[in-house]
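Visitor:
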Amino acid sequence: MTYQHPQLLWLLVALVPLAIVWRWVRAMRQQKLSRFVDNQNSNWSVLNPFVSTTARRWQALLLFTALALSVFAAARPLFGTRERMIRQSGIDILVALDVSESMLATDVKPNRLTEAKTKLRQVLSSFPGQRLGVIPFAGDAFLQCPLTTDYGIVLDVLQNVDTRTIGTPGTNLGRAIEVARNAFREGSVGTPVLVLITDGEDHSGHVEEQAKLAAEEGILIYTLGIGSTEGSPIVMPDGTLKEDADGSKILSKLDAETLVKVAEMTGGKAYIADGSTSLDVKPLISELRTFQQTDFAENRRVVREERFQYPLALALILLFLEGLIGDRRERKISRGMLRRKEAA
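Residue 190 in this note's numbering sits at position 190 of the sequence shown; the count goes up by one each step and never skips.
1. Under 8 Å by Cβ, that's how I've got residue 234 and residue 252 pegged, so tell me the actual separation to the nearest angstrom.
2. Residue ranges of each beta strand (DSSP E) run of no fewer than 3 residues wholly in the region 121 to 151, ordered along the chain?
3. Rank 213, 100, 207, 94 by C-alpha distance to the C-alpha of residue 144 and give the top, closest one.
4. Once DSSP output is grouped into helix, strand and coil, what is the label at residue 281?
5. Given residue 316, which residues of its chain have a CB within under 8 Å of its CB, disregarding the five upstream and five downstream residues?
6. Can you find the residues in the same chain that come closer than 7 Å, C-beta to C-beta, to residue 126, ignoring five residues on each side of it along the sequence?
7. In chain order, which alpha helix (DSSP H) runs of at least 4 residues are fully inside the region 192 to 241?
8. Report the start-end ranges of each alpha helix (DSSP H) in the region 51 to 76 that is 4 residues or longer and not cut off at the edges.
9. Buried or exposed: where does residue 20 fall if 16 or more other Cβ atoms within 10 Å of its Cβ makes it buried?
10. What residue range does the alpha helix (DSSP H) around residue 97 cover?
11. Output needed for residue 314: all residues of its chain with C-beta closer than 6 Å, excluding positions within five of it in sequence on either side, in chain order.
12. What are the partner residues of residue 272, as DSSP defines its beta bridges?
13. Starting from the C-beta of residue 334, find all residues in its chain whose C-beta is less than 8 Å away, skip the five residues before and the five after it, and write them out in chain order.
14. State buried or exposed for residue 178, treating a residue as buried only when at least 16 other CB atoms are found within 10 Å of its CB.
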């Protein structure tokens, strides 16, 4: 099972302090009431004879369980697959740009990141009127510009991303592909194409798993490898060279093998710079134009089934049951109480 929005699962952690606060409030309430009785345990039923603490515990349990199930529903679980006929028109292009610190290496002048932006502008400007989007990634990734036909917006977003855009260090190619899959699933109407430009250094370990899922969903991945296999030091914005914990200079190398494997798994192609010349993106543009010309083609696409309905329905049932549980004991009037009432 996977999730369309796995980051929302972190909300489950928030339920723990919420439960602690709830328990603390109840304890404080009990403490205040104990000031009016000599022995809280023996006199609580006398002070408040018609409140059921067991019922209130059940109410809390049902409420917190419903909240947890609601979080799972919001994360949109995906389980199982089915084939769907997609009527495609044109091409939808998402570009995933590596903005990790390794892209500040200077084996490509002035550095890898600046050169990558230049090449992406060249690619995107060749497809006016098509739907374009931008995904910056490093140790994490997010969809900064959803698919749109407004080239100006895409260009502005692309121009402003840098190594500070993603706060998580490292390079997670798998996460970039996962975000692209979610974006295409939300509303792709053309041939879904992901252009992944990076030096190929992956620290996630699940890039091939995500590439396999992308292939099942009909997404073509074209990789652009930028950098050199010999490696180059990383020049930080303040002009210093990035060092490891031992004080040694860090060399960033192009991992062409990973980029070729990812592209081939999805039916795409890899375009790798040799380090001595600038990356040529004209073959990529020519390749993508073949999809641009196939208007209104019908294709079968394997899509993952959304299963958010089940945890959501169960959460609603639990909330309904929580409302049915009363927190009052059944009132039982003793003979002594009746005599006192008659005497009064």
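For every residue, glycine included, the Cβ atom is placed at its ideal position computed from N, Cα and C.
Guide: Let's see:
1. The residue given as residue 234 occupies position 234 in the sequence shown. The residue given as residue 252 occupies position 252 in the sequence shown. That pair is a contact at about 6 Å.
2. 131 to 137, 145 to 148
3. Taking the sequence shown and counting its residues from 1, the one referred to as residue 144 is at position 144. The shortest Cα separation from residue 144 among 213, 100, 207, 94 belongs to 94.
4. As a position in the sequence shown, residue 281 is number 281, starting the count at 1. Three-state DSSP puts residue 281 in coil, outside helix and strand.
5. One-based indexing of the sequence shown puts residue 316 at position 316. Excluding sequence neighbours, residue 316 sits near 66.
6. On the sequence shown, position 126 is the one that residue 126 refers to. The residues are 285.
7. 207 to 216
8. 53 to 74
9. What you label residue 20 is simply residue 20 of the sequence shown in a count that begins at 1. Classification for residue 20: exposed.
10. Here residue 97 is taken as the residue at index 97 of the sequence shown, counted from 1. Run containing residue 97: none in the alpha helix (DSSP H); it sits in the beta strand (DSSP E), 91 to 98.
11. Locating residue 314 in the sequence shown gives position 314, where the first residue counts as 1. Result list for residue 314: 69, in chain order.
12. Residue mapping note: residue 272 aligns to position 272 of the sequence shown, counting from 1. DSSP, once it has assigned bridges, lists 225 as partnering residue 272.
13. Start at 1 with the first residue of the sequence shown, and residue 334 comes out as number 334. Note that residue 334 scores a pLDDT of 48, beneath 50, so its modelled location is shaky; the value from the coordinates is reported in the next line. For residue 334, where only same-chain residues beyond five positions count, there are no Cβ hits under 8 Å.
14. Stepping through the sequence shown from its first residue, residue 178 is reached at position 178. Buried, by the Cβ-count rule.
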